[in-house]
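Here the structure is laid out as structure tokens; the discussion comes afterwards.
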Amino acid sequence: MAVLLLAAGSPVVAQEAAPAVSPVNSFFERGPVKEYALKSVYVGGEVENPGPVELAALPLRAAAVKEVAFENGKPEFKGAYFFTGYSLYDIINAKPVKKAGADFSPEVDLYVVVENDKGEKAVFSWGELYYSRFNFNALITSSARAVNPGKKKTEWPLPEAPRLVCSGDLYNTRFIANPSKITVKAAPGVFPGKKHVAVFTPEFSVIVGGKALPVPAPGQLAEKRVYQDTAYGHGTGFKGVKTTEGFVLKDVLAKAGALPQDSGASLVVVSAKDSYRAAFSLAEIVNRNDNADFLVVDKGQDKDGRFALFSTADFFIDRNVRSVNKVEVLKP
234 MAVLLLAAGS PVVAQEAAPA VSPVNSFFER GPVKEYALKS VYVGGEVENP
284 GPVELAALPL RAAAVKEVAF ENGKPEFKGA YFFTGYSLYD IINAKPVKKA
334 GADFSPEVDL YVVVENDKGE KAVFSWGELY YSRFNFNALI TSSARAVNPG
384 KKKTEWPLPE APRLVCSGDL YNTRFIANPS KITVKAAPGV FPGKKHVAVF
434 TPEFSVIVGG KALPVPAPGQ LAEKRVYQDT AYGHGTGFKG VKTTEGFVLK
484 DVLAKAGALP QDSGASLVVV SAKDSYRAAF SLAEIVNRND NADFLVVDKG
534 QDKDGRFALF STADFFIDRN VRSVNKVEVL KP
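Residue numbers for the sequence shown, in this note's numbering: 234 to 565.
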């Protein structure tokens, strides 16, 4: 059948699923495929020249997704898929950032809200797209192919419309149909303090739903892990191969009531008393499927502050917040 290209936010006509292809090496490309038509997505907020981004001009990316929903208090498997589509990385890259505030120049406090005409929303951090080593996990789909188990008669249903999907998520809390608008924003809040002057704090607070949980000893709340990584700053370059030992941040957040099934539209702001802050989606912290979990490092009486955040999945070190004072979960 013919495919009608429509503007973002309009009804979308999807092709009927094509028959499965002849066997190929890839297990991902043996099932039936359905293609979608989506012409553009609006990008606004803190960017130059807000407006639609034409998707046809962007490269196609691919992602394999095991979709799990959280229903009636338990995980429900919805299907396995191989998607092609347009990454949030590429879509937003077409609109250079233009921060509204002049008091904080680093882009680590930016985040992105993706939404559809029904008002469904998904939050991604700027760092999740542009600081991470996994840049293309989040796609707006142009095609979907079921990855059906060869020894069973199971055939996973193909989505009827283009969707925002994220291959790095454990649960599908950020999967929304017919995404039409992307807004770039800076983390809200007041962040007093003098730049580059660390203030020692003996504990930090986790704030969820307006309620604060003091954390003087994260080791009493969270699993300890050790990672080895190559430290690299986007401005300063190579800083050595380092071993980092710390406590899993998602465990600490869980004690405060921040859970993966509620993570789709939530933002986390990690800040220090020297005014430095970084934005994270709640999903990238508590809803990962790769176990590359963020760590809280206890540095004791270090002059740069007792607690530091180690952003395990990032390529750059810029979201490694030192002298952490507050971790706040927000609904932007």
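For each residue, glycine too, the CB sits at the ideal point set by N, CA and C.
Residues near PRO561 by beta carbon distance below 6 Å, same chain, minus five either side
Correcting the residue type first, residue 561 is Glu in the shown sequence and not Pro. If we look at GLU561 and ignore the five residues flanking it on each side, its Cβ neighbours are ILE440 and VAL502.
Suppose the cutoff is 7 Å on Cβ atoms and the five residues either side in sequence are ignored; what does the same chain contact list for ALA509 look like?
The question names Ala, yet the displayed sequence has Tyr at residue 509. The answer, listed in chain order, is VAL554.
Pick from VAL519, ASN520 and SER504 that is closest to ASP342, judged by C-alpha positions:
SER504
Give the list of continuous beta strand (DSSP E) stretches no shorter than 3 residues that lie fully inside the stretch 303 to 329.
307 to 320
Could you tell me the boundaries of the beta strand (DSSP E) in which ILE440 lies?
437 to 441
In the DSSP assignment, find the beta strand (DSSP E) that holds ALA546 and state where it starts and stops.
Note, ALA546: premise wrong, no beta strand (DSSP E); not H, not E.
Nearest-angstrom Cα distance between VAL423 and PHE261?
47 Å
If you reduce the DSSP assignment to three classes, tell me which class ILE550 lands in.
coil
Across which residues does DSSP place VAL276 in a beta bridge pair?
GLY284 and ILE415
May I have the straight-line CA-CA distance separating GLY284 from ALA297, to the nearest angstrom?
30 Å
In whole angstroms, what is the alpha-carbon distance linking SER273 and LEU291?
11 Å
Minimum length 3: unbroken beta strand (DSSP E) runs contained in the stretch 467 to 554:
470 to 481, 500 to 505, 510 to 514, 528 to 531 and 540 to 543
Could you tell me the boundaries of the alpha helix (DSSP H) in which GLU348 lies?
That residue, GLU348, is in no alpha helix (DSSP H); its beta strand (DSSP E) goes 343 to 349.
Residues sharing a beta bridge with PHE357, DSSP:
VAL345
Beta-carbon separation of LYS532 and THR434 under 8 Å?
no
How would you write the range of the beta strand (DSSP E) that VAL560 sits in, first residue to last?
557 to 563
Only counting the same chain, and skipping five residues up and downstream in sequence, which positions put a Cβ closer than 8 Å to that of PHE548?
TYR364, SER365, ARG366 and TYR465
Nearest to GLU436 (by Cα), restricted to the options VAL557, GLU268, GLU300 and LEU288:
VAL557
By Cβ distance below 7 Å, which residues in the same chain neighbour THR545 in space, the five residues on each side in sequence not counted?
TYR460, ALA525, ASP526, PHE527 and LEU528
When you compare the stretch 391 to 399 with the stretch 371 to 381, are there three or more beta-carbon pairs, one atom per stretch, that lie closer than 8 Å?
yes
Specify whether the stretch 377 to 387 and the stretch 302 to 320 touch according to this definition: at least 3 beta carbon pairs, one from each stretch, less than 8 Å apart.
yes
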